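The structure appears below as structure tokens.
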Ligand SMILES: Cc1cc2nc3c(=O)[nH]c(=O)nc-3n(C[C@H](O)[C@H](O)[C@H](O)COP(=O)(O)OP(=O)(O)OC[C@H]3O[C@@H](n4cnc5c(N)ncnc54)[C@H](O)[C@@H]3O)c2cc1C
């Protein structure tokens, strides 16, 4: 590992060796919930869908929740707060459940795993390992799932 991870300006292995104390924080998620809304109360962000923070997700999804919640509460079609929360729930709960489950398999950086699996000894031209289209499919597929497509971000 040390031979494979060299930088001109710093020695990462040496930094690790000279570090006295290490703190470990587990990444946690939860199974998607069957409902978020209870009367006039609902959930949002990590309280609603704690997920592995891969693919720039977690806080980003909380922001999309907030946007959706504001829209549903402000929509003329929502006659009651309960109705607005039901609409919010129906929009955001399935979307974020998919991301929670997808994040257990990793995010767009899966493209790195793909290249590593095919070329464990390294490569000269990445195109020989995975084409641009294939790499883009992995990254853009995840971005679309997460609602990060340029057309879907409000
Ligand atoms: C290592 C790591 C890397 C991450 N990287 C990213 C990233 O790149 N991109 C991204 O989008 N997300 C990332 N996340 C996820 C992101 O940090 C969370 O999804 C986000 O902070 C969730 O926001 P939230 O407001 O829902 O919850 P929180 O940020 O947890 O806020 C909840 C707040 O409520 C307070 N609170 C709890 N109980 C009470 C109580 N009883 N009374 C009053 N206050 C209370 C807490 O102290 C806290 O301040 C990462 C997370 C981790 C751990």
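In our numbering, the protein residues as written are 5 to 158.
We put the beta carbon where it would ideally sit given N, CA and C, even for glycine.
The structure presented is a predicted model; accordingly, all values stated were derived computationally and were not measured.
Backbone CA spacing between residue i and residue j [nearest angstrom]
i           : j           : result
residue 136 : residue 88  : 43 Å
residue 78  : residue 13  : 54 Å
residue 40  : residue 112 : 27 Å
residue 37  : residue 53  : 8 Å
residue 125 : residue 50  : 39 Å
residue 133 : residue 109 : 21 Å
residue 28  : residue 16  : 18 Å
residue 11  : residue 96  : 43 Å
residue 139 : residue 44  : 44 Å
residue 100 : residue 33  : 12 Å
residue 148 : residue 55  : 17 Å
residue 123 : residue 24  : 35 Å
residue 57  : residue 107 : 8 Å
residue 130 : residue 121 : 13 Å
residue 30  : residue 62  : 15 Å
Bridge partner(s) assigned by DSSP for residue i
i          : result
residue 45 : 42
Whole-Å CB distance - residue i paired with residue j, under 8 Å assumed
i           : j           : result
residue 198 : residue 76  : There is simply no residue 198 to check, as the chain begins at 5 and stops at 158 in what is shown.
residue 47  : residue 66  : With 8 Å as the limit, residue 47 and residue 66 do not qualify as a contact, their Cβ atoms being about 10 Å apart.
residue 142 : residue 115 : 5 Å
Q: Closer than 5 Å is what we want: which residues have a beta carbon that near any heavy atom of ligand 1? List them in chain order.
A: This criterion selects 49, 50, 57, 60, 62, 63, 64 and 66.
(Q) My parser needs the beta strand (DSSP E) runs of 3 or more residues fully inside the stretch 64-91; what are they? (A) Counting whole runs of 3 or more residues, the stretch 64-91 contains no beta strand (DSSP E) stretch at all.
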